[in-house]
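The numbers in the working numbering rise by one with no breaks, and the one at position 197 of the sequence shown is 208.
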Amino acid sequence: MTVPVFRFAPSPNGELHLGHALSALVNAQLCRDAGGRMLLRIEDIDTERCRPEFEHGILADLAWLGFEWEAPVRRQSEHFADYGAALDRLIEAELVYPAFMSRGETRAFVADREEAGRPWPRDPDGAPVYPDQDRQLSSRERRTRIAEGAPFSWRLDMEAALERLAAPLFWEEDGAGPGGEIGRIAADPRAWGDVILARRDTPASYNLCVVIDDAIQGITHVVRGRDLYYATAVHRLLQELLGLPVPAYFHHDLVLDRDGRKLSKSRGDTALRALREAGATPGDVRRMIGLKAGFGAAGLTPGVSPP
12 MTVPVFRFAP
22 SPNGELHLGH
32 ALSALVNAQL
42 CRDAGGRMLL
52 RIEDIDTERC
62 RPEFEHGILA
72 DLAWLGFEWE
82 APVRRQSEHF
92 ADYGAALDRL
102 IEAELVYPAF
112 MSRGETRAFV
122 ADREEAGRPW
132 PRDPDGAPVY
142 PDQDRQLSSR
152 ERRTRIAEGA
162 PFSWRLDMEA
172 ALERLAAPLF
182 WEEDGAGPGG
192 EIGRIAADPR
202 AWGDVILARR
212 DTPASYNLCV
222 VIDDAIQGIT
232 HVVRGRDLYY
242 ATAVHRLLQE
252 LLGLPVPAYF
262 HHDLVLDRDG
272 RKLSKSRGDT
282 ALRALREAGA
292 TPGDVRRMIG
302 LKAGFGAAGL
312 TPGVSPP
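See the structure below:
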């Protein structure tokens, strides 16, 4: 009998807040309910923003909450070779291409089109879909630009990737989608356009790293916030292209601020460390995020805003 394997995977680019506490504790409880193993992964692929002091803070916060995990901790920064090998497979299969447009150039390109009255498609997060100019370049032009030192990123050729599929994509949703969807969910990665898989300053994107890490760690159940619900379609596509196992997914509700926005490190939303230093207890945190003592999946109150 296969033992279920769960994981909590924070990024050490800031301090944990109530939203992270919710995700960690939901993971832990569902893992206990299933008689599974709980793993911790530090997603520090962004070496510019991720810092050791934040990782130390994460470990301290999780220990204070009573979150327990198996050793060793997997750190993405120690496994660049795994992601590079996966990217090389996609390059060899001609499923990715070098993209030369910078963020600024992309914004200007889209702005010009929209100012001319041509609406530009947006991905599920609201960002403009990447233009197809680079995808249309010849192999010779690509080689010339790379030889001249032009900076580039690797992007997935979405149309070419979808053509490789033998059957429609699905995933099993045990939590709920934005509209309450559960069960077998049809995946629509096309909505994301040609997603980025590696940048010149980051050896691999979140989308590529997460499917490789989950496969290597034997993750059977991915429990995470609903803000990543639509990205699951991209993850399913990459799993199919790379021949990786498919976990079950559980997307939980988010902890929202008073304005209805999800909590964010970048906005400096109240950190667990600050709550702890102010005298809060783990029980206080559970109440603040709407978790009942000994809760199961039904003990989660959606969209709770912290006081």
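Each residue gets a CB set at the ideal place from its N, CA and C atoms; glycine is no exception.
Would you report the Cα separation of residue i and residue j, rounded to the nearest angstrom?
i, j, result
"Val-16", "Val-37", "14 Å"
"Val-233", "Glu-159", "42 Å"
"Pro-23", "Glu-59", "11 Å"
"Arg-86", "Ile-102", "25 Å"
"Asp-134", "Asp-205", "10 Å"
"Ala-308", "Gly-188", "Reliability of the predicted coordinates at Ala-308 is poor, the pLDDT of 42 falling under 50, and the value obtained from them is presented with this limitation in mind. Distance between the alpha carbons of Ala-308 and Gly-188: 15 Å."
"Arg-201", "Glu-170", "8 Å"
"Trp-75", "Arg-287", "9 Å"
"Ala-285", "Thr-117", "39 Å"
"Gly-301", "Asp-123", "46 Å"
"Trp-80", "Met-299", "23 Å"
"Thr-292", "His-28", "14 Å"
"Cys-42", "Ala-82", "16 Å"
"Ser-164", "Val-14", "38 Å"
"Thr-186", "Thr-231", "According to the sequence provided, residue 186 is Gly. The question's Thr does not apply to it. One C-alpha to the other measures close to 14 Å."
"Lys-273", "Glu-152", "43 Å"
"Pro-318", "Leu-33", "Because Pro-318 sits at a pLDDT of 37, beneath the cut-off of 50, its placement in the model cannot be relied upon, and the following sentence gives the value as read from the coordinates. Their backbone Cα atoms lie some 15 Å apart in a straight line."
"Arg-211", "Gly-128", "33 Å"
"Gln-228", "Pro-63", "23 Å"
"Met-12", "Gly-191", "31 Å"
"Ser-88", "Cys-61", "10 Å"
Taking the Cβ atom as the reference point for each residue, do residue i and residue j lie within a distance shorter than 7 Å?
i, j, result
"Ala-244", "Glu-26", "no"
"Ile-53", "Val-84", "yes"
"Ile-193", "Glu-183", "no"
"Ala-215", "Leu-255", "no"
"Ile-223", "Asp-93", "yes"
"Arg-247", "Ala-177", "no"
"Gly-30", "Val-266", "yes"
"Phe-181", "Arg-166", "no"
"Phe-19", "Ala-45", "no"
"Phe-78", "Ala-138", "no"
"Ala-172", "Leu-239", "no"
"Arg-237", "Asp-264", "yes"
"Pro-132", "Val-121", "no"
Please state whether DSSP places residue i in a helix, a strand or coil.
i, result
"Met-49", "strand"
"Ser-22", "coil"
"Val-84", "strand"
"Glu-2", "The requested residue 2 does not occur in the structure, where the chain is confined to residues 12 to 318."
"Val-370", "Residue coverage of the chain in this structure runs from 12 to 318, which leaves residue 370 outside it and unanswerable."
"Ile-69", "helix"
"Glu-159", "coil"
"Gly-194", "strand"
"Glu-79", "coil"
"Gly-236", "strand"
"Arg-151", "helix"
"Tyr-260", "strand"
"Pro-318", "Residue confidence is low: Pro-318 scores 37 on pLDDT, short of 50, so the model does not pin down where it sits. No coordinate-derived value is stated."
"Trp-165", "strand"
"Phe-181", "strand"
"Ile-223", "helix"
"Leu-302", "strand"
"Pro-200", "helix"
In or out: residue i buried (at least 16 other Cβ within 10 Å) or exposed?
i, result
"Gln-250", "buried"
"Thr-312", "Unreliable positioning characterises Thr-312 in this predicted model, as indicated by a pLDDT of 39, which lies under 50. The coordinate reading is nonetheless provided below. Classification for Thr-312: exposed."
"Val-221", "buried"
"Ser-150", "exposed"
"Thr-155", "exposed"
"Ala-97", "buried"
"His-67", "exposed"
"Ile-157", "exposed"
"Ala-304", "Residue placement at Ala-304 is poorly supported in this model, since its pLDDT is 46, which falls under 50; the coordinates are not used for a value here."
"Pro-179", "exposed"
Counting pairs of Cβ atoms below 8 Å between the region 108-115 and the region 132-152, do you hit three or more?
Judged by Cβ distances under 8 Å, the region 108-115 makes contact with the region 132-152, as three or more pairs qualify.
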